[in-house]
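Engineer:
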Amino acid sequence: MTDDARDREVEEGAAARPSRFPDPMVMIFYILLLASFLTLVVPPGAYRREEVDGRARVLPDSFAYTPDPGGFSLGGAVDFLFSIFVAIPRGLIDAAPYLFIVFIAGGLFNVMTRSRAMEHGIGTLVKRVGLERRGLILWLGTFVYGLFGVAVGFENNIALVPVAMIVSATLGYSNVVGVCMAVGGIGVGFALSPINPYTVGVSQTIAGLPLFSGALLRTALCVAALSLLALYINLYVAKTADAQPGRRDAGEGLTRDLADYRMRRSDKIVIGAFALGIVVIAVCSYLAGTGALGRPWYINEIAAVFLVISVVAAAASGMGANAYAAAMIEGASKVTAGALVIGLAASIRIVLEDGGIIDTIIHALNAAAQGVPLAALAPVMSLIQGAINFFVPSGSGQALVTMPILIPLADLTGLSRQLMILAFQVGDGLTNLIVPTSGGTLAMLALGGVSYPQWIKVILPFMIAVYLLCFAFLVAGFYIGY
2 MTDDARDREV EEGAAARPSR FPDPMVMIFY ILLLASFLTL VVPPGAYRRE EVDGRARVLP
62 DSFAYTPDPG GFSLGGAVDF LFSIFVAIPR GLIDAAPYLF IVFIAGGLFN VMTRSRAMEH
122 GIGTLVKRVG LERRGLILWL GTFVYGLFGV AVGFENNIAL VPVAMIVSAT LGYSNVVGVC
182 MAVGGIGVGF ALSPINPYTV GVSQTIAGLP LFSGALLRTA LCVAALSLLA LYINLYVAKT
242 ADAQPGRRDA GEGLTRDLAD YRMRRSDKIV IGAFALGIVV IAVCSYLAGT GALGRPWYIN
302 EIAAVFLVIS VVAAAASGMG ANAYAAAMIE GASKVTAGAL VIGLAASIRI VLEDGGIIDT
362 IIHALNAAAQ GVPLAALAPV MSLIQGAINF FVPSGSGQAL VTMPILIPLA DLTGLSRQLM
422 ILAFQVGDGL TNLIVPTSGG TLAMLALGGV SYPQWIKVIL PFMIAVYLLC FAFLVAGFYI
482 GY
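So the sequence shown is numbered by the working numbering: it starts at 2 and just counts up by one.
#1: Determine the closest residue to A324 out of I105, S116, L93, with distance taken between C-alpha atoms.
#2: Which parts of the segment 76–157 are runs of the alpha helix (DSSP H), unbroken and 4 residues or longer, counting only runs that do not cross its ends?
#3: Do F307 and I105 count as a contact pair if the criterion is CB distance below 7 Å?
#4: Look at the alpha carbon of L470 and the alpha carbon of L229, and state the distance between them as a whole number of angstroms.
#5: By the 10 Å Cβ neighbour count, where 16 or more other Cβ atoms means buried, how is N390 classified, buried or exposed?
#6: Are the segment 352–367 and the segment 111–130 touching by the rule of at least three beta carbon pairs closer than 8 Å?
#7: Going by CA-CA distance only, name the one from A444, I435, A473, Y453 that's closest to V189.
#8: Within its chain, find whatever has a CB closer than 7 Å to the CB of R219; leave out the 5 residues flanking it on each side and keep chain order.
#9: Give the secondary structure of Y483 by DSSP, where H, G and I count as helix, E and B as strand, and everything else as coil.
#10: Please classify R266: does DSSP put it in a helix, a strand, or coil?
#11: Just the Cα atoms here: how many angstroms apart are P163 and E120?
#12: Quick one: residues in its chain with C-beta nearer than 7 Å to the C-beta of P98, no 5 flanking neighbours on either side, listed in chain order?
#13: Buried or exposed: R418, going by 16 or more other Cβ atoms within 10 Å of its Cβ?
#14: Using CA coordinates, which residue listed in Y146, L93, G124 is at the minimum distance from R265?
#15: Helix or strand or just coil, what does DSSP make of R50?
#16: CB-CB under 8 Å to D268, same chain, minus the five flanking residues each way: which ones, in chain order?
#17: Compute the Euclidean distance between the alpha carbons of L461 and G186, then round it to the nearest angstrom.
#18: For A388, which residues of its own chain have a beta-carbon under 7 Å away from its beta-carbon, when the five flanking residues on both sides are left out?
#19: Under the rule that 16 or more other beta-carbon atoms within 10 Å means buried, what is D429, buried or exposed?
#20: According to DSSP, which residues form a beta bridge with Y66?
#21: So the candidates are A327, L410, Q455; which of them puts its Cα closest to the Cα of L109?
#22: Do F425 and Q386 have their CB atoms nearer than 7 Å?
#23: According to DSSP, is A251 helix, strand or coil?
#24: As a quick exercise: from I32, M113, Y31, pick the residue whose alpha carbon is nearest that of R316.
#25: How many Å lie between L82 and V352 at the Cα?
#26: If I follow the unbroken alpha helix (DSSP H) through A304, where does it start and stop?
#27: In its own chain, which residues sit with a C-beta less than 8 Å from the C-beta of L475, not counting the 5 before and 5 after it?
#28: What is the DSSP secondary structure of A244, reduced to helix, strand or coil?
#29: Measuring straight from C-alpha to C-alpha, what distance separates A160 and L172?
#30: Got a sec? Which residues, its chain only, sit under 7 Å from A333 by beta carbon, not counting five neighbours each side?
#31: Roughly how far, in whole angstroms, is the beta-carbon of L527 from the beta-carbon of C285, given that I think they are within contact range, below 8 Å?
#32: Using 8 Å as the threshold, is the segment 232–240 in touch with the segment 139–147, meaning 3 or more CB pairs across them?
#33: DSSP on V336, reduced to helix/strand/coil?
#34: State the Cα-Cα distance for the pair T67 and V43, rounded to the nearest angstrom.
#35: If we ignore side chains and look at the alpha-carbon of each, how far apart do G482 and A216 end up?
#36: From P409, F463, L100, pick the residue whose C-alpha is nearest to that of S204; which is it?
Okay, structure coming up:
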């Protein structure tokens, strides 16, 4: 074949292939550029804040635009362009806790994979349940992860994600099925948890309502949403798993016949240490969320628990110190790309904060709710909260910013405070599953081996369906006087 013929064949093959979705790093850099452009066209502004019980609260009617020096200069343009690239290392530094917990969790599960404890445990479980009932396993898995989301939190469950990868591989599916089960279950459970101390607890405290009151409707919505997710995974994601782009890693899943699996003593120690660690994280996270622990308990403390589990797992499986260090480094290297995406995404918020436009955007979004029919106000506010969550991807942080505005709005319009909080919860929590500024979601995707664009492609139909479900509950809540 001549060089010209070969070139024509390469060109024809490239033309026949569909255009690829941008790499996650590229796509998030595009969003960073868009955020930077917004700082040029959106006027900066700010709400005044006051300190109440050690927390900064927004004064609802205090928004004012801040002076903008304006004017164009060559030096200013150069500084603006350079600041975009400076924001990237600043984002990496700001998101360091997320980056390091991803590295540590990656190392932990590489150690546990080498010990074969998870494989033996899941193989034994599947043997007892039966591979032909894998649909039931997906349902149970979705609700188990949902329960962890309800009771433990969101980022606190990062270490559980790789377990779902082993389950999905065991059942013959790609990683995308496991990620939907784990990340989707945790995300929905956390978003709609009736006892979420970070969103419901903070919001009800600001609103002067009894802590975790109104739990019955929230519980019904949470169960309905998890059922919808399990149904979606079984009827769509699992059926099209071979067509999904998630990888299947060598070493994942089962390496022998189901009948040969049993639990060794070392397996029980490793899994027991892991389970105990998760319980410690759950209890301490809940106590810290309610203030009963008396000290912070978040990413750094959770990462420390992961390290303790990894040491116990290495010792129980007879792994030497050098082998343990090598396994941790190897595991961390597998999730480096996903960890770097987290840092790049954090730079978006830094650009918006530096531009002073976050409060301006929040003010404009809340103003847009004026004039909305009362029965539709709760669904509209949930959409607005979802948009705000892109800029303030923290449940408690967003509650502190928006609740002092939304509670008076509820009083003025005649909407109940309880329903406004539920609208806030839906909008804030569910969008954590899709906004690229959610470090916890990107961390879980990194551990699951599914890129952000791949995740968006598979989860978007469910997001539309679950929002419609939530809107139905919000409207029903209005009519029943919730």
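A virtual CB, placed ideally from N, CA and C, is assigned to each residue, including glycine.
Structural biologist: For this structure:
#1: S116
#2: 97–116, 118–130, 135–152
#3: yes
#4: 9 Å
#5: buried
#6: no
#7: I435
#8: L193, P195, L423
#9: coil
#10: helix
#11: 12 Å
#12: I300, N301
#13: buried
#14: G124
#15: strand
#16: S116, R117, A118, H121, G122
#17: 15 Å
#18: L366
#19: buried
#20: G46
#21: A327
#22: yes
#23: In this prediction, A251 scores a pLDDT of 38, lower than 50, which makes its location untrustworthy; no coordinate-derived value is stated.
#24: At residue 316 the sequence reads Ala, which differs from the Arg that was named. Ranking the options by Cα distance to A316, first place goes to M113.
#25: 11 Å
#26: 300–317
#27: A379, P380, S383, L420, L423, A424, V427
#28: Annotation note: pLDDT 46 at A244 (below 50); position unreliable, no value reported.
#29: 20 Å
#30: F104, G107, G108
#31: Nothing can be reported for residue 527, as the shown portion of the chain is limited to 2 through 483.
#32: yes
#33: coil
#34: 12 Å
#35: 14 Å
#36: P409
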